[in-house]
Amino acid sequence: MFPECLLFLSLLSHPLEKVEIRGITSFPESQIEGLLEPYFGSEVDSSLIEKLAAEILDFYGNRGFPFVSVRPEYLRKSREGMTLVLRVEEGKPVVISGLRFVGSEKTKRDVLLRFFRDEGKLFSLARLREEIAEANSSGYVEVLGFSVDTSGGRSDLVIALEEKRVNSADGALLYDQRRKNLGGYLEVGAPNLMGTGRSLALSYRRVSLGEQKFELSYREPWIFGTDFYTEGEIFYHFAESLFIKRSVCARVGLKRKVEFYIGEKYEDNVDMGGNERESNFLSLLGFKAERFSGAYLPRRGISLKSEVQVSGTKQSGFLFAGWRFPGSGRLNLSFRVDLRFVRKKGGEKNFDLITYGGSGSLRGYREGRFLASQVAVAGLEMGYNLTAKSCLSAFVEGGMVKADKARFPVGYGISALLPARSGFLKLSYALSRERDFSEGLIHLSYSLLF
């Protein structure tokens with residue numbers, strides 16, 4: 211990036227006293243020199259000069275100058291310290307005439323234009339970085355780089371993309387050690403349905419003998435071209451000799467860095483004799499913020515979700531917080547906290563199945579029925595990336611389930627994620643314990659990506 215003098219600069223150990231800028235015509239020199247004052251007094255070396263240059267590049271890039279360049283001219287030494295002279299070549303400010311996307315085959319252009327809104331605007335590096343982060347968070351595209359093409363009398367912003375294979379079909383076998391029962395599930399998901407950004411998911415689970423679940427969900431990301439989205443889901447849970455639970459849910463939210471949503475949910479819960487145990491319309495209010503990078507293996511990111519459901523007879527809610535850190539080398543670490551509560555008027559007991567996402571699950575039991583009124587869980591998972599697409603991990607989690615009295619279940623397990631033909635193979639073993647009760651689950655699944 212800089213001349214050979216950087217090798218010499220790396221050997222110096224003198225503090226920076228002053229920075230002089232040459233070649234500036236569009237802004238006052240004092241304005242740019244003021245940005246660099248926090249670095250005064252730092253030891254002069256190549257890394258410091260790169261930081262100073264980055265500050266200047268960002269200053270110009272955020273004000274419409276994509277072709278600016280910075281190079282050191284010379285150093286002047288005095289008793290007080292070093293004076294660094296930088297030469298700036300500004301280039302010309304650019305107004306973006308149009309956008310071109312390279313590497314996009316399935317995702318439609320109007321979907322990508324939802325992320326990149328630069329046409330007709332002055333080039334801004336800060337705005338472009340935010341748009342790239344938003345596009346990467348979609349999960350189905352990853353921005354590899356960008357450039358400005360001024361040939362042909364135009365100033366086109368060229369975005370290089372890589373489309374990810376996110377549509378998936380998952381099949382799994384589950385073996386329940388306690389019940390000596392073989393179950394499984396089949397899931398089909400399309401987070402980028404036909405390149406439109408819409409999401410469709412369908413799942414069928416046979417959890418145990420006589421217990422089945424069916425769920426269908428759909429998400430429309432941009433209602434009438436706005437940043438508002440709508441989504442809905444249908445859920446059916448059949449448990450032999452216990453109950454049938456059905457629910458229909460619809461939500462409308464604002465798609466930003468932090469999503470807020472409202473909705474309505476109808477729940478119908480009857481026992482096998484046809485007697486209605488619960489029928490409720492619940493009003494939903496919630497928010498969620500997620501920022502994860504990486505397509506397959508755990509990568510850096512945070513997740514925060516919260517929701518409150520209120521009706522005339524029932525109040526419930528949850529708070530979920532997750533943090534994932536790639537660590538050093540091949541190690542990665544994730545941490546999560548779940549808080550849930552269910553409160554019903556009249557003291558009537560409810561038997562909700564409490565399952566936590568990720569590696570394992572914790573459940574509260576009472577006389578063979580699932581029971582949970584207040585739940586708090588914390589989990590920790592550590593993984594080791596064998597290759598770019600394979601990982602070994604282990605987890606441990608513990609919590610409190612409070613119904614008639616407090617219970618303290620714990621869970622732990624191991625899992626392996628391995629690449630397979632056009633997808634991934636996962637093998638895991640999870641064990642939940644509570645006093646004299648334990649439940650083990652062996653999980654073998656295959657995910658086909660397309």
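Per my numbering, residue 211 is the first one in the sequence shown, and the count goes up by one each step.
For each residue, glycine too, the CB sits at the ideal point set by N, CA and C.
Distance from Lys316 to Gly405 at the Cβ level is roughly 4 Å; contact confirmed, criterion being Cβ atoms closer than 8 Å. Under DSSP, Trp432 takes part in no beta bridge, so it has no partner. Straight across, the Cα-Cα distance linking Thr597 with Leu627 is about 10 Å. Lys612 places its beta carbon 8 Å or farther from that of Ser625. Gly313 and Val468 have their C-alpha atoms roughly 29 Å apart. Contact annotation: the region 233-246 touches the region 293-312, with at least three C-beta pairs closer than 8 Å.
The region 269-277 makes contact with the region 327-338, as at least three CB pairs between them are under 8 Å. One thing to note: Glu649 has its Cβ no nearer than 8 Å to the Cβ of Arg617.
In summary, Pro248 is exposed, with fewer than 16 beta-carbon neighbours lying within 10 Å of its beta-carbon over all protein chains present.
One Cα belongs to Leu543, the other to Lys524, and the distance between them is close to 37 Å. Non-local beta-carbon contacts of Lys302 in its own chain, meaning distances under 8 Å to residues more than five positions away in sequence, involve Phe275, Phe277 in chain order. Only residues of its own chain outside the window of five on either side were considered, and among them Ser378, Ala379, Asp380, Ser632, Gly633 have a CB closer than 8 Å to the CB of Leu658, listed in chain order. Taking C-alpha positions only, Leu354 is separated from Arg310 by approximately 14 Å.
Just so you know, the alpha carbons of Ala264 and Thr293 end up roughly 18 Å apart.
Counting along the chain, the unbroken beta strand (DSSP E) around Asn595 starts and ends at 584-597. Lys423 sits in a strand when the DSSP states are folded into three classes. Taking the Cα of Tyr395 as reference, the smallest distance to any Cα among Lys374, Lys423, Lys599 is reached at Lys423. Phe535 has Leu543 as its beta-bridge partners, per DSSP. Trp432 and Pro629 have their C-alpha atoms roughly 34 Å apart. With respect to the 8 Å criterion, Arg416 and Gly399 are not classified as neighbours on the basis of their beta carbons. Relative to Ala604, the option among Asn595, Met610, Val587, Tyr622 whose CA is nearest is Tyr622.
Spatial neighbours of Gly420 in its own chain (CB-CB distance under 6 Å, excluding positions within 5 residues in sequence) are listed in chain order as Glu450. Burial check for Glu341: the Cβ neighbour count within 10 Å reaches 16 or more, so the residue is buried. Between Phe551 and Gln584 a beta carbon distance of about 5 Å is seen, short of the 8 Å cut, so the two are scored as contacting. Bridge pairing for Arg375: absent [DSSP].
With fewer than 16 other Cβ atoms inside 10 Å of its own Cβ, Lys390 counts as exposed. Shortest Cα-Cα distance from His224 to any of Gly244, Val254, Ala343, Leu322 involves Val254.
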